[in-house]
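Enquirer:
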Amino acid sequence: DTHVGRRGSVHALPPLPRLAGRAIIAHGMATTREALEPTIALERQSMSLYARMARIFAADPKVRDFWFGMARDEARHVGALDLVTTVLELEDALDKPSPISLEDATIVRLREMLARFHREAGPQLKLERALAMAVEVEETALEDLVADLLKAGQAPDEYERWLRPLVHALGEVGSLIEPHCRGEATH
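Position one of the sequence shown corresponds to residue 12 (my numbering), numbered consecutively onward.
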């Protein structure tokens, strides 16, 4: 999977983990590690997408700051999940069965969506389409996975810190959508 760089060059997206050549999630019950690794990789791709949007829309400080804030929120998700990973590793619980259900199809669908959005995120991207993409990302199962992993990892403070920016970000998306989209189709 690739995305277009700021000078039009094509760069590879960071790969999602494949454990020892196996499926993303092993058959049967996944371990917490197997659930966390692809989730963290997807969050990094979301962060990269939003940082790209900040560069694309840099001419408008309010819009640029919105996208940078979205990227920062994704970075917080990555940090919170990394913390959960570290704590569970210290407790020798990382390779135990995952407390959440995660399927390859979900990961593949989310990876394909993010790769498609990275390909679209070029200099000609209209704000209306970028906002529609953000809504789609924020409405995905990825956000639910992060919440479930933070809760299951017994990191309630991190879950609360994650939830507040999500609600704020959705409100900001809404405030940007209203004046820019006016009910027009975005696809």
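Backbone N, C-alpha and C fix where the C-beta goes; we use that ideal spot for every residue, glycine too.
Check the Cβ-Cβ distances between P72 and every residue of chain B, and say whether any is below 7 Å.
Expert: Note that chain B does not occur in the displayed structure, where there is just one protein chain.
Enquirer: Going by DSSP, name the residue or residues bridged to T42.
Expert: Under DSSP, the beta-bridge partners assigned to T42 are P108.
Enquirer: Just to confirm before moving on: does the CB-CB distance between S7 and T43 stay below 7 Å?
Expert: Any question about residue 7 goes unanswered here, given that the chain covers just 12 to 198.
Enquirer: Measuring alpha carbon to alpha carbon, tell me which of I118, P134, R127 ends up nearest V157.
Expert: I118
Enquirer: Mind reading off the beta-carbon distance from E85 to M58? Whole number of angstroms is fine, and I expect it under 8 Å.
Expert: 4 Å
Enquirer: Between V89 and the rest of its own chain, which residues show a CB-CB distance below 8 Å, the 5 nearest in sequence each way excluded?
Expert: I51, E54, R55, M58
Enquirer: Would you mind reading off the limits of the alpha helix (DSSP H) that contains G90?
Expert: Boundaries of the alpha helix (DSSP H) around G90: 72-101.
Enquirer: Please return the same chain residues whose Cβ sits closer than 7 Å to the Cβ of Y61, not counting the five positions on each side in sequence.
Expert: W78, M81, A82, E85
Enquirer: Could you say which of E147, E154, L138 lies nearest to A69 if we only look at CA atoms?
Expert: L138
Enquirer: Could you check what DSSP says for P49 in three-state terms: helix, strand or coil?
Expert: helix
Enquirer: For the alpha helix (DSSP H) that A141 lies in, which residues bound it at each end?
Expert: A141 -> alpha helix (DSSP H) spans 138-149.
Enquirer: A141: buried (16+ other C-beta within 10 angstroms of its C-beta) or exposed?
Expert: buried
Enquirer: Which residue's Cα is closest to the Cα of F128: D71, E149, D76?
Expert: E149
Enquirer: In angstroms, rounded to a whole number, what distance separates the CA positions of K107 and D71?
Expert: 47 Å
Enquirer: In the DSSP assignment, find the unbroken alpha helix (DSSP H) run with A126 in it and report its ends.
Expert: 115-131
Enquirer: So what does DSSP say about Q5, is it helix, strand or coil?
Expert: Nothing in the structure corresponds to residue 5, since the chain is present only between 12 and 198.
Enquirer: Contact check, A46 vs L113 under 8 Å by CB: the rounded distance?
Expert: 5 Å
Enquirer: To the nearest angstrom, how far is it from the Cα of D93 to the Cα of D159?
Expert: 14 Å
Enquirer: In angstroms with no decimal places, state the Cα-to-Cα distance between A104 and E48.
Expert: 14 Å
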